[in-house]
Amino acid sequence: MDMLNFKISRRAFLQASAATTAAAAASPRLLRAMEVELGGKDFSPVNYTERKAIPTTCHVCNIQDGAIAYVENGRIVKLEGNPEHVSTRGRLCAKGNSGMWYTYNPDRILYPLKRVGARGEGKWKRITWDEALAEIAQKLDAAIKEDPNTVMLKWGRDRTGGAIVRFIKTLGSATMMNHTSVCESSKKIGMQPTWGPDIETPDFANTKYILNFGSNVMEAAYFHNPYVQRVAEGMADNKAKLVTFDVRLSNTAGRSDEWIPVFPGTDGAVALALGHVILRDDLQDSDFINTWTNVTVEELKDHYRQFTPEWASKLSGVPVETIERIAHEFATTKPATTYTYRGPAKHLYGAYNEKACMMLPIMTGNIEVRGGYCLPRGMGYQQPQPEPPKPAKPSWMSDHPDYPLAEHKVAHLVPFWIAEGKQKINVYFTYMDNPVYTNPGAQAVWGKMFRDEKLIPFYVSMSTVMGEETALADIILPDCMYLERWEPESMPNSLWPWLGFRQPVIKPLGETRETRIILRDIIHKLDPDGSRGMKKYWNFKDGEDYMRQQFDNVPGLKEAGGVDFLKKHGVWPIYGKLDPASGKIVDKTGRPIEPEYGLHKKELSAADMTGAVVEKNGTIMKNGKAIGVQRKGRNYVGFPTHDRIINVRVDEWAEYGFNPMPTFKQIPWHKDMKDDEMILTTYKFNVHVQSRTASVKWLAEIAHSNPAWINSETGRKLGIKTGDLVRVESKVGYLVTKAYVFEGINPKVVAIPIGCGHWEYGRLASLKLKEKGGAWGAQDDPDLKNVWWEDNGVHPNLIIPVVADPIGGSQGWFDTVVKVTKAGPNDKYGDVQASWEKHVDAFKETMRYAYTGDLHRKMHPEMASWGGPDSARHKEGGGH
Amino acid sequence: MQNQDAVLIETVAGRPSPQELRARASYCQLLAGAFIEEPGGAYLAALRAPQALAELAELGLHFDADFTAAPLGELEDVLACEYATLFATSGGCPPVESSRLTGRFQQEPFHEVKMIYQRCGFALQPGKFAVFEDQLGVELSFVAALLERLAEALEDNDAAAAGRLEREIKRFWATHLGRWVRGYAMLLERVTEHSFYREIARLLRDFAESELDLLKVRVDDVDGGREVVPKSEISVLFNPDEPVCGGCKHGQEQDRILA
């Protein structure tokens, strides 16, 4: 028998190997590594018995991943992803895996507490629920009699499914504020008037090109867990290119094909220049523009002519050649999508930036196509009946006259408005909201307000832990942790809509109560016999009963079993089975399930059209509402805007003197920065949310300190090396921290992550022993004694002044000009100082950019024909 | 290094009298009253009675004027705040076995003691505030109840029941209270700012020591405190005078062959 000659050179061998790779890949493989089941079951390592698995929804951050809690002998021993969940497909992130340590945290608050010393002094008395509710009811009674709007409730993360809003409406108050202005409001407002929803759902898994503006989608941006799975699939299976514009080398930027360290706040200019090239070179999807938007291709070309790559390059530092190349790549690679998060939006005029970015998939026709930029898919649930009516009077702060377009409110300006006496507050509630830590100015602004009993006469915090805000409360009502409560859920975090819920996996610890029970009990105390007309809105036995009122009549879910189905599965519908080999959900035939595309192209039925009128522009009106749009003789549902098409030109913006077309405004104080000035930017760790996770031991061990990132070139100029103490000084204060010098950041940027530097939130987060006694900490606590780190970082928010986007209302987190110098002899690590007065000056300055302010016209010379603030109609507030 | 889980229970020679058992139960209950919730007026008034103070002084407990001289209502108020600071707010030291031994609430000790109470026919009743089954006040109340039952069994000449109860009490000290209260008492003595809790902490520590001694239960306290064992009582399985390797005559030989 002839023998093959394997005595060949290594080079030839490797060449042959490369050439035969494809054949090897195509060769059938019947042997596969053994897989344990992909979730859904878990066993005790001690006695091998199967642990009780209870499906629920994660709530460590706000992605709302499907989760399973494993309970052994009444103790939560493990959390993992729910394999039946279509969005998260059996995966939880590090935060989700650590969630049970919230529940068992020895520093959590288990009883109602009443302040007995000065605010913030830390002196408390435990009181009964009855005592707490009686005192609150008495204060509420007096406040409501004076004016219901003097009762204010501000929430940070409200996943109660409507209970919080029901409560404040029951009291007759319209003074409800959220946290959205420090989160993503300008992203929302950049999108909503253009195409309806306030968020996009890119089809990352099927795309060929992702243009990512300022989002750390792989670890921290909205929906990072389901999205990173799809981005990875797109890049690995579909060879998609990922291009990231970010001021720093985030882990997403590091895993991108290209990272472009853009100058802060100029993503919008780059996006406009990309649009310029696309339109200039006729690479747009003319049919889509002409059919589905309210502008013509020619109008768009005319408008974009001004945004040249040279112009954008000067602003952003992105080379002209790069802009030209990426524009061509994006427009000629199909399908393609953009994705944005806080990078473009958290600036003065962040809404313009967001709008400029979303124009790219619009002009290239990548909307609602496979692999493109899609509308979010969500599902609704019902509200228990009856519902309280809308409050009789609007609230000045919730319906702020200077920010008529900021539907998601401008809550970070609240302390200044209260201090100015714009609105009197008698009773202030916080719910899952820690503005003393998370808002600009932090304790210098919010701490100052809460400490002042003239400004806030009575303050109730509904909280699980002694956060920085709760430490300043008069009464603390102990809320449940997320693994102990009922809450409805639905999130557009993939292209398949779903309904889910959070159910208690153990009984609440101590005397903690779930939020809706707390709220019900307050109302029942205030209106025990129902004579005030409040009690009827709070007619439920317990959390489960409330869920039944929300879910049991949802079509489809009702037939599947309603709440009983959810108790068993955690989510509905079940679209298929998780394939252990691919990690994808597959149907009965073993094929990955496919989403539905082209939602705007769904045709209206004859019944829908009965009694409908088609307007001149094609909008189909029925009963005073736009129900669709007629295009090329067909009646489509279109987009959920006022005229059912994409509004490239947002006429409403023009009413207030804002440019209705895509545009860019350079941040004025970024124009004349001196050589030694930089922009301070913040970011999130992948294992932390803004503040809550600092008390979770597994997560705090992974990330607990936050040195300031400085570019190597800048470090050389300033004589700063990694580990050096640096002083970072803004116009409102300064901090002293350590430097981390490397190449991964724009030379004009200094980046400090948030989530560190707590001074409250329990022993782990603050890493301080109780001052008195000095023996409460590490050496005595069985777990804290394992804490090997001594540095809990420095919190940067104190030195960040308020900035409000006059359109979207967002805080300009990434607009702060700072000076970075080597720390002086009197500077100590962790020094942070800021003044209320300087923050007030910053507040006054930002109000000048509101449409009623003196700088508005100066910033909008192109709107010279605008009639001024008096010409605008007052717009009623809304949003969430 | 000592084995933290090592427990030694020796046989007790002779049985204590019912009177003595009731006295011990009474101390348990007195201590429980300081922890189970904020000390109430009646409890404080009884404790401040001259005779009670004198008896406690004989034991070596000396309260300051903040306890002995303050008006009762004021004292109640001050101690309620001290209670909240020590045991019910963030950063304190909740008197809860799970928290002390695992750093988390409601862990194994919680479930274990719950089972034990159930087995012995006890259930935790709701008080003014909900407490964990492994809260110090509850654990001490449990031992107090067992001691009372033991006294009754002895009075009834029910040797079998008495034996069972004795074993239960010992086991509970060995597997729960003995593992954490001495160290915890030392911590509490250091951190409290009020002489009431300082002296109660001392009483707790000394009472625990004496109970463990009386019951002949040797168990390491793993909550910071450690049992101090006289060197003379340490028995070893090797000769401490044996030279270390290389120290013997053979080992000192220069030309020895090393395998």
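Chains as they are written, first to last, in this note's numbering: chain A, 1 to 880; chain B, 881 to 1139.
We put the CB at the ideal spot given by N, CA and C, even for glycine.
Given the structure is predicted, the values throughout are model-derived calculations rather than measurements.
Report the CB separation of residue i from residue j in whole angstroms; it is logged as a contact under 8 Å.
i	j	result
G882/A	F551/A	The structure shown does not extend to residue 882/A, since chain A is modelled only from 1 to 880, so the question has no answer here.
A804/A	Y437/A	About 20 Å; that fails the 8 Å criterion.
A912/B	L1020/B	4 Å
V750/A	I799/A	Not really, about 11 Å apart at Cβ, beyond 8 Å.
K169/A	P478/A	So it is not a contact: roughly 24 Å between Cβ atoms.
A960/B	K123/A	The Cβ separation is near 11 Å, so there is no contact.
I646/A	T194/A	6 Å
F540/A	P384/A	6 Å
V1023/B	G1058/B	Contact doesn't hold; Cβ gap of about 11 Å is too wide.
R649/A	V295/A	6 Å
T332/A	L283/A	6 Å
I593/A	A612/A	No, I593/A and A612/A are not in contact; Cβ-Cβ is about 34 Å, not under 8 Å.
H400/A	F658/A	The pair is not a contact, with the Cβ atoms about 16 Å apart (cut-off 8 Å).
Which of the three DSSP states, helix, strand or coil, is assigned to residue i?
i	result
P45/A	coil
W572/A	strand
I752/A	strand
W776/A	Note on W776/A: pLDDT 44, under 50, position unreliable in the model; the coordinate value appears next. Correct three-state label for W776/A: coil.
M621/A	strand
V817/A	strand
K994/B	helix
N366/A	coil
V687/A	coil
E1107/B	Note that E1107/B has pLDDT 44, beneath the 50 cutoff, so the model's placement of it is unreliable and the number below is only indicative. In this structure, E1107/B counts as coil in the three-state DSSP scheme.
Which residues does DSSP pair with residue i in a beta bridge?
i	result
I54/A	A69/A
T322/A	DSSP, once it has assigned bridges, lists no residue as partnering T322/A.
W942/A	Residue coverage of chain A in this structure runs from 1 to 880, which leaves residue 942/A outside it and unanswerable.
Y209/A	K241/A and A336/A
Q833/A	Y734/A
S463/A	P478/A
T293/A	I646/A
E80/A	I68/A
L499/A	W572/A
W259/A	T244/A
L959/B	DSSP lists no partner for L959/B.
Y636/A	E603/A and V629/A
Y740/A	W709/A
Determine the chain E residues that contact residue i at a beta-carbon separation under 7 Å, and present them in chain order.
i	result
A1010/B	Given the protein chain composition of this structure (A and B), no chain E is represented.
(request) Compile a chain-ordered list of the residues in the segment 899-928 of chain B whose CB is closer than 9 Å to at least one CB of chain A. (result) Correct list: E917 and E918.
(message) So, does the segment 358-376 of chain A touch the segment 832-843 of chain A, judging by three or more C-beta pairs under 8 Å?
(response) no
(message) So, does the segment 926-941 of chain B touch the segment 84-102 of chain A, judging by three or more C-beta pairs under 8 Å?
(response) no
(request) Would you check if there are 3 or more beta carbon pairs closer than 8 Å linking the segment 305-317 of chain A to the segment 339-347 of chain A? (result) Between the segment 305-317 of chain A and the segment 339-347 of chain A there are fewer than three inter-stretch CB-CB distances shorter than 8 Å, so the stretches are not counted as touching.
(request) Identify each residue in the segment 948-974 of chain B for which the Cβ-Cβ distance to at least one residue of chain A is less than 9 Å, and report them in chain order. (result) D957, A960, C961, Y963, A964, T965, F967, A968, T969, S970, G971, G972, C973 and P974
(message) When you compare the segment 353-367 of chain A with the segment 317-325 of chain A, are there three or more beta-carbon pairs, one atom per stretch, that lie closer than 8 Å?
(response) no
(message) Output needed in chain order: residues of the segment 465-476 of chain A with a Cβ under 8 Å from some Cβ in chain B.
(response) V465 and M466
(request) Report the residues of the segment 978-989 of chain B with a CB closer than 9 Å to any CB of chain A, ordered along the chain. (result) Listed in sequence order: S978, S979, R980, L981, T982, G983, R984, F985, Q986, Q987 and E988.
(message) Any contact between the segment 110-120 of chain A and the segment 957-973 of chain B? By contact I mean 3 or more CB pairs, one from each, below 8 Å.
(response) yes
(request) Give the residues from the segment 60-86 of chain A that approach chain B closer than 8 Å (Cβ to any Cβ), ordered along the chain. (result) N73, G74 and R75
(request) Report the residues of the segment 990-1009 of chain B with a CB closer than 7 Å to any CB of chain A, ordered along the chain. (result) H991, K1008 and F1009
(request) Take every Cβ of the segment 50-70 of chain A, pair it with every Cβ of the segment 201-218 of chain A, and state whether three or more of those distances are shorter than 8 Å. (result) No: the two stretches stay apart, fewer than three of their Cβ pairs being nearer than 8 Å.
(request) Take every Cβ of the segment 445-465 of chain A, pair it with every Cβ of the segment 418-435 of chain A, and state whether three or more of those distances are shorter than 8 Å. (result) yes
(message) Can you confirm whether the segment 627-637 of chain A touches the segment 393-410 of chain A when touching is taken to mean that 3 or more C-beta pairs between the two stretches lie within less than 8 Å?
(response) Counting Cβ pairs under 8 Å, fewer than three are found: no touch.
(message) Could you check whether the segment 541-549 of chain A touches the segment 61-74 of chain A, counting it as contact only if at least three pairs of C-beta atoms, one from each stretch, sit closer than 8 Å?
(response) no
(message) Under 8 Å, with one C-beta from each stretch per pair, do the segment 695-706 of chain A and the segment 741-759 of chain A reach the 3-pair mark?
(response) yes
(message) Taking beta-carbon pairs under 7 Å, can you tell me which members of the segment 117-132 of chain A lie near chain B?
(response) K123, W124, K125, R126 and T128
(request) Would you check if the segment 985-1004 of chain B and the segment 68-85 of chain A touch, i.e. whether three or more CB-CB distances between them fall below 8 Å? (result) Taking 8 Å as the limit for Cβ pairs, the verdict is that the segment 985-1004 of chain B does touch the segment 68-85 of chain A.
(request) Give a yes or no on contact between the segment 712-722 of chain A and the segment 804-815 of chain A, applying the rule of three or more CB pairs nearer than 8 Å. (result) no
(message) Closer than 8 Å is the cut-off here; do at least three beta carbon pairs connect the segment 168-186 of chain A with the segment 147-159 of chain A?
(response) yes
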